[in-house]
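Contents: one structure, followed by commentary.
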Amino acid sequence: MNTLAGMSHASPAWLAVATAAFVAGCGGGEGGNPQTPNEARLQVARSGDLVAYFKAKIAQRVALGYPGTAITVPTVGGLSSAGSVVTHTGGPLAGTAVEEDDLIKAEGNMVYGLHRAYATDTGREPPRLAALARAADGSLTGVGRATLDAKFIPQGFYVAGGGTRAAVLSQQDPYADRQPVVAAADASITVLPEYSRTLSLDLFAIHKDMAPAQIKQMRIDGLLVGSRLIGNTLYLVTTWSPDLTRFTVPAGATASAVDAALKDLNTAALIPTLRVDGGQPQPLVNEADCLVQTGNASLSLQLTSITAIDLTSSSLARTSRCFAGGSEAVHLGARSVYVASSRQYRYGGDVANAVFPADSRTDIHKFTFRGAQVDYDASGSVDGHLGWDLRRLPSRLNEYQNDLRVLTFTGKTGQSGMPPVTIQAQQASPALLTVLRDSGRDSYLGPQAKLPIRLRTARGDQQIDNLFFAGARAYATPFTNTEPVWVLDLANPANPTVAGELAAGGHADHLVPLPNGLLLGVGKDSALGGVADGIQLAVFDVRNAAQGKRLATQAAGGRGSITTLDSTRPVLNLQAMDGKVRLAFPARVYQAPTGVGTPPPVRGYQGALRLEVSTTTGALAQRSMVVSTAILNGDTPGLYSRFDIANERSLQVDNVAYQLSGGQVFTRAGD
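If you use mature numbering (1 follows the signal peptide of the UniProt record, and there is no 0), the sequence shown corresponds to residues -23 to -1, 1 to 648, in order.
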């Protein structure tokens, strides 16, 4: 395998090596040895390198029997791989996720709500950004709203410029206007046009007692992966698969046929574009700002871009960097982005059934936010791969105090799926936790320590399902709903250890670190044939990692009750106060059945489930729910669509809770 040590730029000469490497793989440097070449290091693209890179990938695809120039599904998944939406409306909580975009925010005496579209009895209500004035008692009065493009689905927004700007991020509905088109060659054949892959950034002027007024719009080719606002600079991570379908390269084509089909391929056909206020398209990134790597084995025809945008600039001034190649996952730290890419190609029809090579390795590439710039800093490698569960891939990476902790799996096959629908025939894969640190030289992310993890239970070895990072700790849950939760001590990056086990008893679907060594667990009682029987809540004392204990439990609702913590992007709001923490998150709580005889219709309520935890005693109490709507079995599909729990958010300000739900913001003061 060629190495990249000493190379100042990528050269087309490496492409022949890359073509052969995707099956065989290649070894990486270990242990921070300065004598070992850093094979993971990215190289700056010269003119023509992107075209050469894509030609090599297309050749690999057709050699394996795939259509050469098909639009590929981004391997980093859909929206916001960054992690949970955790907003803080009190003091900061150590070890929790940084604040991200959200659908509801408070700014001074104003509350802003970003509402997604929903159907009504008479038509369809469009998406909109609403401004509401907040009175001293917490009540809200509508000030005005701005209607958004109905073809786009709002994902979240930020407030910048000292409360004078609101930046709304929306993804175009991939199925908007996808009407069948009659094929020109044969009127009996209809096809669906390619779905749209466009991100919209809409910038609004906002102010006290003022309706949002749009001042700028930017449309960007690609799918939103994640975002972060630092000061007045918005950082976007997007992924793009160029439309190369006009270059017909059938599966199994010879090398000469590939060359002939792609002779007119140029850089402009590969790079995503943007439009400002409907103007002419311009490139999102220049080729000289892109980076390539020989070892990337993905067959995706993909570019991942990281863009910094000044929201206070009259022209939305920006800079971008891009990474050429398929990305397995993206993690956004406080001021960095880490992109994971695979060194080997996985075999199988989909990720869940994939078989990885025995010597799989994963490369990690670090980009850093520096004001208006996005800089490539370093790369490194870890043994293993990120696993079979697309929902979990982003959560396998976590930055803490400038170190990156990475969880990988070293088995060729493993368990995957959402219990109780699982692939139980597969054996559990061993896991490995690696700590990487930027060495500050040679663009090297060097390993500081490696911790092999095998979860042993009464049922035998269990595969890790989820790993909840919490500052200097991490909590590993097993794939099947069995005890226990493993507590990892990561305080010493050079010597991480498995410090203890915690009997969670069905309370570990989602774990939230709290002050004073407390841990909130949210789960489901699945004793009834795998059907969730209510929301189970518990507070644990984990100050002593080896002797964690349960301090309090509560249950909310009956069978079928759900929360947004069950989703692929958990959302919750935390409010730190003297001696306590208040939590609020959207939930649908069904009443538990009572009595005998013919049961009445199951009735539930949707809104903000509110909890209060004493950080001194661990006492857990439920506060009054902010009810947005009643849900009754047999309700119309339209009601479920309007009150889709995935579109709801909770917010706490002082002693008032707000719930964004069904196109409105609901309020409840006190308990």
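Don't be surprised by glycine CBs; every beta carbon is placed ideally from N, CA and C.
Assuming residue i and residue j form a contact by the criterion Cβ under 8 Å, report the distance between their Cβ atoms to the nearest whole angstrom.
i, j, result
"Gly119", "Ala107", "7 Å"
"Gly272", "Ala17", "7 Å"
"Ala480", "Gly500", "That belief does not hold up - the Cβ atoms of Ala480 and Gly500 are roughly 13 Å apart, past 8 Å."
"Phe31", "Leu91", "Not confirmed; about 37 Å, so no contact."
"Ala561", "Leu586", "7 Å"
"Ala143", "Leu628", "The Cβ separation is near 15 Å, so there is no contact."
"Ser638", "Phe620", "6 Å"
"Val519", "Gly525", "4 Å"
"Pro490", "Gly437", "No, Pro490 and Gly437 are not in contact; Cβ-Cβ is about 30 Å, not under 8 Å."
"Asp419", "Asp354", "Between Asp354 and Asp419 the Cβ distance is about 11 Å, and since that is not below 8 Å, they are no contact."
"Leu176", "Leu146", "7 Å"
"Ser218", "Ser277", "7 Å"
Identify, in the order they occur along the chain, each residue of the same chain with its Cβ nearer than 6 Å to the Cβ of residue i, setting aside the five sequence neighbours on each side.
i, result
"Gly364", "Phe386"
"Tyr212", "Arg205, Ala285, Phe346"
"Val383", "Val359, Leu374, Thr411"
"Ala515", "His484, Gly498, Arg527, Thr530"
"Tyr567", "Gly534, Gly535, Gly537, Ser538, Val579, Gly581"
"Thr474", "Asp466"
"Val253", "Met195"
"Gly45", "Ile35, Arg38, Val39, Val226"
"Gln636", "Gly584, Ala585, Val603, Ser605, Ser627, Phe643"
Tell me the DSSP bridge mates of residue i?
i, result
"His362", "Phe386"
"Glu589", "Arg559, Ala598"
"Arg196", "Ser177, Arg252"
"His184", "His184 pairs with nothing; no bridge assigned."
"Lys501", "Ile512"
"Asp79", "Phe134"
"Phe344", "Val314, Tyr353"
"Asn243", "Partner(s): none; Asn243 has no beta bridge."
"Leu374", "Val383"
"Thr271", "Thr271 is not bridged to any residue."
"residue 735", "Outside the shown range of the chain (-23 to 648) lies residue 735, about which nothing can therefore be said."
"Asp287", "Thr210"
"Ile622", "Paired residue(s): none; Ile622 is not in a bridge."
"Pro429", "Leu409"
"Asn443", "Thr454"
"Gly581", "Tyr567, Ile608"
"Leu109", "Val88, Gly119"
"Asp114", "Paired residue(s): none; Asp114 is not in a bridge."
"Glu102", "Tyr95"
"Ser627", "Gln636"
"Tyr421", "Ser356"
If I measure Cβ to Cβ from residue i and keep anything under 7 Å in the same chain, skipping five residues before and after, which residues do I get?
i, result
"Ala40", "none"
"Pro614", "none"
"Lys557", "Glu589, Val590, Ser591, Thr592"
"His(-15)", "Note that His(-15) has pLDDT 31, beneath the 50 cutoff, so the model's placement of it is unreliable and the number below is only indicative. Counting only Cβ-Cβ distances below 7 Å, and skipping sequence neighbours, we find Gln20, Val21, Arg23."
"Ala335", "Lys389"
"Arg312", "Ile207, Thr345, Phe346"
"Asp352", "Phe344, Thr345"
"Pro260", "Ile248, Thr250"
"Thr124", "Pro103, Arg105"
"Phe445", "Ala451, Tyr452, Leu488"
"Gly68", "Per-residue confidence for Gly68 stands at a pLDDT of 47, beneath the threshold of 50, marking its modelled position as unreliable; the derived number appears in the next sentence. Excluding positions up to five away in sequence, the list reads Ala553."
Given residue i, which residues of its chain have a CB within under 8 Å of its CB, disregarding the five upstream and five downstream residues?
i, result
"Leu409", "Val359, Asp360, Gly361, Leu384, Thr385, Phe386, Thr387, Lys427, Leu428, Pro429, Ile430"
"Val307", "Val53, Ser58, Ala59, Val202, Gly203, Val214, Thr281, Val314, Tyr315, Val316, Ala317, Pro371"
"Leu242", "Val28, Phe31, Lys32, Leu221, Phe224"
"Thr210", "Ala285, Ile286, Asp287, Leu288, Phe346, Gly348, Ala349"
"Gln439", "Ala405, Leu432, Arg433, Pro455, Phe456, Thr457, Thr459"
Tell me, please, whether the CB atom of residue i is closer than 8 Å to any CB atom in chain C?
i, result
"Ala515", "Absent here is chain C; the protein component of the structure consists of one chain."
Give a single yes or no on whether residue i has its beta carbon closer than 7 Å to a heavy atom of the ligand SAM.
i, result
"Trp463", "Ligands are entirely absent from the displayed structure, and the ligand SAM is therefore not among its contents."
Three Cβ pairs or more, each shorter than 8 Å: is that satisfied between the region 135 to 149 and the region 279 to 288? yes
Should the region 546 to 562 be called in touch with the region 527 to 536, which here means at least 3 C-beta pairs below 8 Å? no
Between the region 333 to 348 and the region 196 to 204, do three or more beta carbon pairs fall short of 8 Å? Judged by Cβ distances under 8 Å, the region 333 to 348 makes no contact with the region 196 to 204, as fewer than three pairs qualify.
Which ranges does the beta strand (DSSP E) cover as unbroken runs of at least 3 residues, wholly within the region 447 to 487, from first to last along the chain? Whole beta strand (DSSP E) segments, 3+ residues: 450 to 455, 462 to 466, 474 to 479.
In chain order, what are the residue ranges of uninterrupted alpha helix (DSSP H) at least 4 long that sit wholly in the region 17 to 51? List check, alpha helix (DSSP H) in window: 26 to 40.
The region 183 to 191 / the region 251 to 268 touching (three or more Cβ pairs under 8 Å): Fewer than three beta-carbon pairs drawn from the region 183 to 191 and the region 251 to 268 are found closer than 8 Å, and the two stretches are therefore not classed as touching.
Does the region 261 to 276 come into contact with the region 290 to 304, if we say contact requires no fewer than three beta-carbon pairs (one atom in each stretch) closer than 8 Å? yes
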